[in-house]
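Sequential numbering of the sequence shown, starting at 1, is according to UniProt numbering.
For reference, the structure is listed below as structure tokens.
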Amino acid sequence: MDVGSSHPTPTTTPGRGPGTSAGTSAGINRKPRKVERSCILCHRRKIRCDKQHPCSTCTRTGVLCCYPSAVEPSARKPRKTTIADVAERLGRLERTLVAISSSGSDSPAEHVAHSPANHGQRQLLDGEDGSGGDAEDASENASVAEEMLLRNGETSRYINEILISRVLEEENGLRSALGERCQETQRGDSDTDESTYQFPILGLVSLSADDTPPGRAFLDLHPTKWQAMQLWEVYVKYVDGFNKILHIPTTQIDVFKAIENPLGAGADVNCLVFAIYFSSLTALTESAVLNMLGYSKRKALANFKRGLEHYLAQANFLESPNLTVLQALTLFLRSMRAHNTGRSVWLLNGLVLRAAQSIGLHRDGTTLGLSVFETELRRRLWWSIISADLRAAEDHGIIISSIDPTVNIEPPSNVDDIELHPGMTEPPANRARWTEMSLALIMKAHCETRIKLDRMLPPFQTTMPLESARRDLVEKMKDYCEKQYFQHCNPVIPSQRAAMLAGRALVGKLDIISRLQWLSLSSRNTTRGLQTDEETLLQTCQILDYANQIRSDELLRSYRWVGEMYPAYHMLLFLLWRLCVEPTGPHVERAWRLVNASFAPEFAKAGFESASPGCKWTVLKMLREKARVRREKALQEAEGGGVEPDGQRIGDEEMVADGTQQQNGQTPLAHSTQADGFGFQWSPDDAEIPDWNEFVGDFMMDGFDVRTF
């Protein structure tokens with residue numbers, strides 16, 4: 001039967017089959033459609049259409065002219081995922097978890113004061129102090145919120161780390177100041193100095209393949225072949241050992257091909273190449289970049305970031321991630337820590353983690369039937385992603401374990417790259433020596449121990465474990481790292497010395513910060529214990545000394561970027577508190593030298609005095625001024641500053657004309673009596689120094705995690 005003999009011919013739309021006419025749903029006796037919209041091609045090109053059938057543009061170009069249906073709109077393309085979408089989804093998930101954990105509360109205040117974590121803390125304190133009235137009062141006073149959602153206008157910030165939450169629970173003014181800093185940081189500053197500029201990374205997820213022009217249009221972002229070779233050599237020599245993800249012998253083949261012919265390389269390989277360029281620039285000084293590329297480091301970083309964004313979009317990494325793209329993103333985000341300290345890096349770490357799980361990276365290659373070589377590369381990448389994700393979360397005071405306890409991923413082998421090759425059929429044997437993977441394996445051991453320590457505490461446990469349990473776990477990790485890795489390190493070799501210093505600092509920090517956390521959770525007053533604990537003081541000084549050696553050793557100049565990515569905020573916090581509590585003593589001189597050495601690089605940076613809102617260095621600067629004032633008063637009380645109260649001579653320390661303490665001929669800090677502009681007023685002349693628990697509540701850090709580093 002001829003359908004056209006009894007029914008008017010319906011308007012045909014693109015993509016609709018002959019049996020699915022538009023006229024079927026709109027009625028049989030419909031009048032012919034009057035064309036009022038641009039044709040699909042003119043609309044896509046955003047040019048004027050004469051709305052003829054066919055239009056003049058389609059006739060001239062010789063293509064089929066099609067118009068959108070007047071009855072049923074064509075299916076829209078799925079909206080591309082943006083960083084705002086990722087943040088919104090994470091926010092919804094966090095609010096859901098908070099609501100579930102606080103489902104028994106009736107008011108917002110109760111959601112904070114009576115969360116399950118707090119009940120666990122009350123049980124601990126009651127168990128320690130007995131059931132008397134004083135113990136109940138102590139428990140009530142010491143029990144504060146361990147999680148909080150800070151709101152200020154349309155922005156919010158979630159924190160569930162105990163010490164930071166105590167700060168915000170006790171200080172409403174500081175809570176408000178944090179919200180204001182969030183808004184000010186979002187608004188940004190158009191005239192930010194280059195040294196304090198934070199690179200935005202929205203483009204990593206806001207671009208799609210349709211938004212980017214063909215690859216030839218981005219050839220100008222590639223460095224010259226000679227410059228590219230120099231950047232590759234910098235990466236291999238100074239960066240690879242601290243971000244050990246790649247297998248250099250096989251990766252260099254793809255890199256050389258991409259340098260020779262960028263258009264002939266795949267989008268994923270070009271992603272990796274630009275991530276390598278970006279990482280290499282991070283390790284170079286401004287003058288070195290200027291000599292190599294002929295323009296500023298900031299411009300070079302922006303160009304290479306833009307190139308990475310372009311090829312990520314071309315690779316369609318959100319829908320089709322692969323191992324090479326994830327290697328590129330992991331390298332980029334690790335290096336970005338030196339340029340952007342905001343939450344966007346942490347959010348994108350979560351995105352990389354989900355992408356890794358989508359390709360089965362969280363399952364060991366031996367269970368998936370993969371080759372030995374690919375299994376090793378996947379293990380390297382997985383543990384690097386996990387370590388970066390945990391570290392980024394801690395930057396913002398959030399304890400979120402990325403490792404599912406049911407997942408069992410073997411560590412990568414302690415071997416050099418030369419011992420791996422794609423055709424190998426047997427796993428390599430771990431070497432009893434220092435290898436290119438040793439520092440990465442130290443970080444992996446540190447990461448696992450940190451997660452175990454977190455799971456020993458409320459809300460994972462209902463009671464507080466003993467200090468001996470914490471100490472045994474940390475000592476086991478320290479002994480393992482010493483026997484397996486550190487004893488095989490040759491400090492004469494600069495790369496091994498830099499890795500050893502960084503590794504020892506990492507291991508030591510975990511011991512100190514977990515010790516302070518145990519004290520904060522299990523006692524109302526820890527000042528007396530910490531004042532007499534010379535071991536903690538000396539260990540803190542030793543860790544700062546490791547960092548100072550990397551900064552001051554001429555042979556380690558090329559590794560100073562490592563300190564920029566991982567500054568010793570938490571060690572400085574404790575050491576400055578100790579100097580406030582005990583301004584004189586046998587180890588004070590050493591402590592002050594290390595404090596001044598730690599501050600020196602920050603004061604050398606342009607724009608430090610006008611640092612961006614929420615800058616941790618600014619708060620530490622205020623605390624340093626308080627310690628200086630107390631030091632001066634203690635010396636003045638000791639017979640005009642000639643003899644310290646404990647009978648020791650002052651050494652070569654003297655006071656300059658303006659009253660600022662001077663050491664070794666240098667004035668470390670131009671002191672001010674109050675710090676303004678950060679949401680609160682604080683005076684260094686305050687006589688009282690609180691207990692350690694109260695102290696961490698006096699200084700609000702924007703994402704300042706006093707627990708781990």
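Glycine included, each C-beta is placed from N, C-alpha and C at the ideal position.
DSSP three-state assignment for residue i, whether helix, strand or coil
i           : result
Pro-422     : coil
Gly-307     : helix
Gln-549     : helix
Met-477     : helix
Tyr-67      : coil
Cys-49      : coil
Ile-276     : helix
Asn-322     : coil
Ala-328     : helix
Ala-267     : helix
residue 716 : The chain is shown only over 1 to 709; residue 716 falls outside these bounds and no answer can be derived.
Arg-335     : The sequence as given places Ser at residue 335; Arg does not occur at that position. Ser-335: helix per DSSP, three-state reduction.
Pro-459     : coil
Leu-466     : coil
Thr-584     : coil
Ala-638     : coil
Phe-317     : coil
Thr-251     : helix
residue 712 : The shown model of the chain, from 1 to 709, leaves out residue 712, and the question about it has no answer.
Asn-596     : helix
Ser-344     : helix
Ser-558     : helix
Arg-298     : helix
Gly-651     : Any answer about Gly-651 is weak, because its pLDDT of 36 lies below 50 and its placement is not dependable; what the coordinates show is given next. Coil, per DSSP.
Arg-391     : helix
Arg-624     : helix
Leu-37      : Looking at the sequence itself, residue 37 is Arg, so the reference to Leu does not match. Correct three-state label for Arg-37: coil.
N- and C-terminal bounds of the alpha helix (DSSP H) containing residue i
i       : result
Ser-569 : For the record, residue 569 in the displayed sequence is Tyr; it is not Ser. Segment 569-581, the alpha helix (DSSP H) holding Tyr-569.
Lys-244 : Unbroken run through Lys-244: none, as it is neither H nor E.
Cys-42  : 40-45
Trp-561 : 561-565
Ile-451 : 438-455
Trp-226 : 225-234
Thr-57  : 56-61
Val-415 : From DSSP, Val-415 is part of no alpha helix (DSSP H); its letter is neither H nor E.
Leu-293 : 286-293
Cβ of residue i within 7 Å of any chain C Cβ
i       : result
Ser-384 : No chain C is part of this structure, which consists of one protein chain only.
Residue i: CB within 6 Å of a non-hydrogen atom of the ligand MG
i       : result
Leu-510 : Questions concerning the ligand MG fall outside what the structure shown contains, since it holds no ligand whatsoever.
- Pick out the complete beta strand (DSSP E) segments inside the stretch 353-386, 3 residues or longer, and give them in chain order. none
- Touching by the beta-carbon criterion (3+ pairs, under 8 Å), the stretch 277-284 and the stretch 261-268: no
- Could you tell me which uninterrupted beta strand (DSSP E) segments, each at least 3 residues in length, are contained entirely in the stretch 485-545, listed from first to last along the chain? none
- Query: For the 8 Å Cβ check, are there 3 or more pairs between the stretch 218-225 and the stretch 237-245?
  - Reply: no
- Query: Should the stretch 535-545 be called in touch with the stretch 569-578, which here means at least 3 C-beta pairs below 8 Å?
  - Reply: yes
- Do three or more CB pairs link the stretch 407-420 to the stretch 459-475 at distances below 8 Å? no
- Query: Does the stretch 288-299 come within contact of the stretch 255-263, defined as at least 3 CB pairs closer than 8 Å?
  - Reply: no
- Do the stretch 378-390 and the stretch 350-361 touch if we need at least three Cβ pairs shorter than 8 Å? yes
- Is the stretch 472-492 touching the stretch 509-517 in the sense that three or more CB pairs, one from each, lie closer than 8 Å? yes
- Message: Within 8 Å, do at least three Cβ pairs link the stretch 547-565 to the stretch 496-505?
- Response: yes
- Counting Cβ pairs closer than 8 Å, one from the stretch 365-377 and one from the stretch 334-350, do we hit at least three? no
- Inter-stretch contact at 8 Å, needing at least 3 Cβ pairs: the stretch 272-280 / the stretch 307-314: yes
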